[in-house]
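Reading through the structure tokens given below for one structure.
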Amino acid sequence: MALYSITYDLSNPGRDYDTLTGAIKKYGFWWHQTGSVWLISANNTSTAVIRDYLKQFIDRNDKLFVAKLSGEWAAVGFTQEEYDWIKSKNA
1 MALYSITYDL
11 SNPGRDYDTL
21 TGAIKKYGFW
31 WHQTGSVWLI
41 SANNTSTAVI
51 RDYLKQFIDR
61 NDKLFVAKLS
71 GEWAAVGFTQ
81 EEYDWIKSKN
91 A
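Rendered as structure tokens:
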């Protein structure tokens, strides 16, 4: 499975976090890393496909960024469970 990072900035008016986060959770394997940063694990997709799916849940003045993680990453301040999750999904 590939690991993708999804970040967003929802602007006023109309900040509908629940609809967007519900769509992200439909990928099944997700981690709400921090604030507006999510990681998902998915097969047979691309950054453009994920973006195109999620953009229906945001307004025109919102920002959305999707990136495929290459396998190299660094972090600090998370739990061992969180580190284990990202390692298992980005092997």
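Counting from 1, position 12 in the sequence shown corresponds to residue 12 in full-length UniProt numbering; the numbering is continuous, with no gaps. Cβ atoms here follow ideal geometry from the backbone N, Cα and C, with glycine treated the same way. Bear in mind that the values here come from a model prediction, so they are computed numbers and not experimental data.
Could you give the residue range of the alpha helix (DSSP H) that holds residue i?
{"i": "residue 21", "result": "17 to 25"}
{"i": "residue 47", "result": "47 to 54"}
{"i": "residue 86", "result": "80 to 89"}
Return the bridge partner residues of residue i from the DSSP annotation.
{"i": "residue 41", "result": "3, 29"}
{"i": "residue 63", "result": "9"}
Below 8 Å on the Cβ atoms is my guess for residue i versus residue j; work out the distance and round it to an integer in Å.
{"i": "residue 38", "j": "residue 6", "result": "5 Å"}
{"i": "residue 8", "j": "residue 40", "result": "That pair is no contact at about 13 Å."}
Given this structure, state the Cα-to-Cα distance separating residue i from residue j, to the nearest angstrom.
{"i": "residue 28", "j": "residue 47", "result": "16 Å"}
{"i": "residue 72", "j": "residue 20", "result": "27 Å"}
{"i": "residue 31", "j": "residue 89", "result": "11 Å"}
{"i": "residue 36", "j": "residue 52", "result": "18 Å"}
{"i": "residue 26", "j": "residue 12", "result": "25 Å"}
Query raised in the report: Counting Cβ pairs closer than 8 Å, one from the region 47 to 58 and one from the region 69 to 81, do we hit at least three?
Result: no
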